[in-house]
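Worksheet: one structure, shown below.
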Amino acid sequence: GQQLNQSPQSMFIQEGEDVSMNCTSSSIFNTWLWYKQEPGEGPVLLIALYKAGELTSNGRLTAQFGITRKDSFLNISASIPSDVGIYFCAGHDAGGTSYGKLTFGQGTILTVHP
Amino acid sequence: DAGVIQSPRHEVTEMGQEVTLRCKPISGHNSLFWYRQTMMRGLELLIYFNNNVPIDDSGMPEDRFSAKMPNASFSTLKIQPSEPRDSAVYFCASSLRGAIETQYFGPGTRLLVL
Chain A
10 GQQLNQSPQS MFIQEGEDVS MNCTSSSIFN TWLWYKQEPG EGPVLLIALY
60 KAGELTSNGR LTAQFGITRK DSFLNISASI PSDVGIYFCA GHDAGGTSYG
110 KLTFGQGTIL TVHP
Chain B
360 DAGVIQSPRH EVTEMGQEVT LRCKPISGHN SLFWYRQTMM RGLELLIYFN
410 NNVPIDDSGM PEDRFSAKMP NASFSTLKIQ PSEPRDSAVY FCASSLRGAI
460 ETQYFGPGTR LLVL
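See the structure below:
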């Protein structure tokens, strides 16, 4: 099946620093998504990407859909303590019987020190 | 409008017992997804429904797991008999058909099987 490798697994940063994380896939996706999960809650969608090469921002968050359609990255600028959580990438392949199924990365645990 | 509602939020049971997890999707959403999250395997899709019909249950681990969606506003995930390795957080998510990216997750049910 499809595999997503997300890195890094965890990050410990100081408030104000920029953060970068990425996902690579063994196969092509036609949609890339980035979610954030806080303790005791379900994942919440941050950014959705639909086209290869697309660069999309949501406040201090910026994500890109790789040209090869096999990778994506998420950047967080000027981190703040409330950015703490687990960030997940997810890919969707609309082809064949995969329609509707998201494949998730393993997650990046972000800790921000004030 | 209320989000996805899951019950119970926490469940502790003994091996061999039947466990039933419940989900109420967002009103008007016609796709429903059941996920399992563990440290080892991350977030895995178990099964999803469109218009109350199961579309893909290839993620259901084994025959001990079953899911139903008797109507548009209610779904259950049942484990019978439960085993310690079933301990995980189970999420329900819903979306509008065709809007794969906007899956809204519930708060999850944290299951511990002793």
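Respectively, the protein sequence lines represent chains A and B. For the first sequence, my numbering begins at 10 and goes up steadily by one. For the second sequence, my numbering begins at 360 and goes up steadily by one. Every residue gets a Cβ at the ideal spot worked out from N, C-alpha and C, and that includes glycine.
Starting from the Cα of residue i, find the closest Cα among the options and give me that residue.
i: Gly116/A; options: Asn31/A, Ser66/A, Gln23/A; result: Asn31/A
i: Asn409/B; options: Gln396/B, Arg456/B, Met374/B, Gly465/B; result: Arg456/B
i: Leu64/A; options: Glu50/A, Trp43/A, Glu47/A; result: Trp43/A
i: Met59/A; options: Leu13/A, Gly114/A, Ile37/A, Glu47/A; result: One detail in the question is off: residue 59/A reads as Tyr in this sequence, not Met. When each option's Cα is compared against that of Tyr59/A, the closest is Ile37/A.
i: Asn39/A; options: Gly49/A, Thr112/A, Leu54/A; result: Thr112/A
i: Leu380/B; options: Leu391/B, Glu373/B, Gly387/B, Ser366/B; result: Ser366/B
i: Arg469/B; options: Pro440/B, Gly362/B, Phe424/B, Thr397/B; result: Thr397/B
i: Arg368/B; options: Gln18/A, Leu13/A, Gly49/A; result: Gly49/A
i: Leu13/A; options: Pro123/A, Ala99/A, His122/A; result: Ala99/A
i: Tyr449/B; options: Glu373/B, Phe464/B, Pro429/B; result: Phe464/B
i: Ser16/A; options: Ile22/A, Gly25/A, Asp27/A, Thr33/A; result: Thr33/A
i: Asn67/A; options: Lys45/A, Arg78/A, Glu26/A; result: Lys45/A
Determine the direct distance from the alpha carbon of residue j to that of residue i, and round the result to whole angstroms.
i: Thr120/A; j: Ser29/A; result: 13 Å
i: Ile118/A; j: Ile95/A; result: 4 Å
i: Glu370/B; j: Gly467/B; result: 11 Å
i: His101/A; j: Cys451/B; result: 18 Å
i: Asn84/A; j: Ala447/B; result: 30 Å
i: Phe97/A; j: Gln376/B; result: 33 Å
i: Gln73/A; j: Asp80/A; result: 9 Å
i: Thr436/B; j: Asn411/B; result: First, the residue type needs correcting, since residue 436/B is Leu and not Thr in the sequence shown. Distance between the alpha carbons of Leu436/B and Asn411/B is about 13 Å.
i: Val53/A; j: Val472/B; result: 27 Å
i: Glu47/A; j: Val93/A; result: 8 Å
i: Ala431/B; j: Leu55/A; result: 27 Å
i: Ala87/A; j: Met20/A; result: 14 Å
i: Asp415/B; j: Leu70/A; result: 33 Å
i: Trp41/A; j: Tyr407/B; result: 19 Å
i: Gly362/B; j: Pro443/B; result: 30 Å
i: Arg423/B; j: Leu404/B; result: 16 Å
i: Gly114/A; j: Glu373/B; result: 31 Å
i: Pro123/A; j: Pro384/B; result: 37 Å
i: Gly387/B; j: Thr461/B; result: 13 Å
Would you please verify whether the beta carbon of residue i is less than 8 Å from any beta carbon of chain A?
i: Phe433/B; result: no
i: Leu404/B; result: yes
i: Thr461/B; result: yes
i: Pro466/B; result: yes
Considering only DSSP beta bridges, list what residue i is partnered with.
i: Gly100/A; result: Trp41/A, Thr112/A
i: Asn479/B; result: Shown here, chain B extends from 360 to 473; a query on residue 479/B therefore has no answer.
i: Gly94/A; result: Leu119/A
i: Asp80/A; result: Thr33/A
i: Met20/A; result: Leu119/A
Can you check whether the C-beta of residue i is within less than 8 Å of a C-beta belonging to chain B?
i: Phe82/A; result: no
i: Glu24/A; result: no
i: Pro52/A; result: yes
i: Lys79/A; result: no
i: Leu55/A; result: no
i: Leu111/A; result: yes
i: Gln18/A; result: no
i: Phe97/A; result: yes
i: Gly94/A; result: no
i: Gln115/A; result: yes
i: Gly75/A; result: no
i: Gly62/A; result: no
Would the C-beta of residue i count as close to the ligand MG, meaning under 7 Å from any of its heavy atoms?
i: His369/B; result: The model on display carries no ligand, and the ligand MG is accordingly not part of it.
Residues in the segment 411-427 of chain B with C-beta within 9 Å of chain A's C-beta atoms, listed in sequence order? Ile414, Asp415, Ser417, Gly418
Any C-beta of chain A within less than 7 Å: which residues of the segment 386-405 of chain B qualify? Ser390, Gly401, Leu402, Leu404
Taking Cβ-Cβ distances below 7 Å as the criterion, which residues of the segment 35-47 of chain A are in contact with chain B? Listed by position along the chain: Thr40, Leu42.
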